[in-house]
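Residue 88 in our numbering sits at position 88 of the sequence shown, and the numbers go up by one each step.
Glycine included, each C-beta is placed from N, C-alpha and C at the ideal position.
Nothing here was measured: the structure is a model prediction, and the numbers come from that model.
See below for the structure under consideration.
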Amino acid sequence: MAHDPGAPRTSARGKARKRALDILFEAELRGNDPLSTLSERTADADPPVRVYTTELVQGVVAHADEIDRRIVDSLREGWTLTRMPRVDRNLARIAVYESVYGGLPAQVAVSEAVGLAGELSTDESPAFLNGVLTRITGT
C-alpha cells in the first residue's frame, strides 16, 4: 500500500511510544500490573511489541514513585494525579521517563507527548499536558 504523502508519518519510536501508552492505559484501566500486561501483549503480539515499547513500560514502572511525585509537584492547585485524564496521566509518565531517565531531550519528550494527547485525548489535553511537562522539565 502506498503512503499518502499528505498523511503524517509516525516514526518507529512514535509507534513504540503509542503502544507503551496502550499497555499502561490498559493495565491501569483493568487494575493490573503493567509488567504483566506487557508480558501478555508481548506473547500475543501481532505486530510484535517493539524493544522501545518494552523499555518505556519497564522504565515507567521502575521509576513510578519518582515520576508520579514529579507530576504531582507540577500540578496546579485543585488538580490531583487521579483527576488527570488516564491518557494524559500515562503520557506524562512516559514523557517524564524519557526525559529524566531515558536520555531523550526534554523538548522532544514534551513534543511527542503533546502530539499524542492531540490525537488521543481531550481538546484541552495538549495545552494542559504541555504546561505540566514544561514545569517538570523546565523547557
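- Three or more Cβ pairs closer than 8 Å define a contact, and the region 122-138 falls short of that threshold against the region 55-63.
- Only residues of its own chain outside the window of five on either side were considered, and among them Leu-81 have a CB closer than 7 Å to the CB of Arg-89, listed in chain order.
- If you draw a straight line from the Cα of Val-57 to the Cα of Tyr-97, it is about 9 Å long.
- For Tyr-97, no alpha helix (DSSP H) segment is defined, and its DSSP state is neither H nor E.
- Taking 8 Å as the cut-off, the Cβ atoms of Ile-94 and Ala-113 count as close.
- Residue burial annotation: Val-132 is buried, with at least 16 other C-beta atoms found within 10 angstroms of its C-beta.
- Per DSSP, Arg-19 is one residue of the alpha helix (DSSP H) stretching across 12-30.
- With respect to Val-87, Ser-39 sits apart: the two C-beta atoms are not nearer than 8 Å.
- Thr-139 is positioned such that its CB atom lies no closer than 8 Å to that of Ala-92.
- In the assembly as shown, Ser-99 is a buried residue. Its beta-carbon has 16 or more other beta-carbons within 10 Å.
- Glu-124 sits in coil when the DSSP states are folded into three classes, being neither helix nor strand.
- Membership of Glu-40 in the alpha helix (DSSP H) is indicated by the continuous run 34-43.
- Counting along the chain, the unbroken alpha helix (DSSP H) around Asp-73 starts and ends at 64-74.
- Here Thr-134 is near Val-110, since their CB atoms are less than 8 Å apart.
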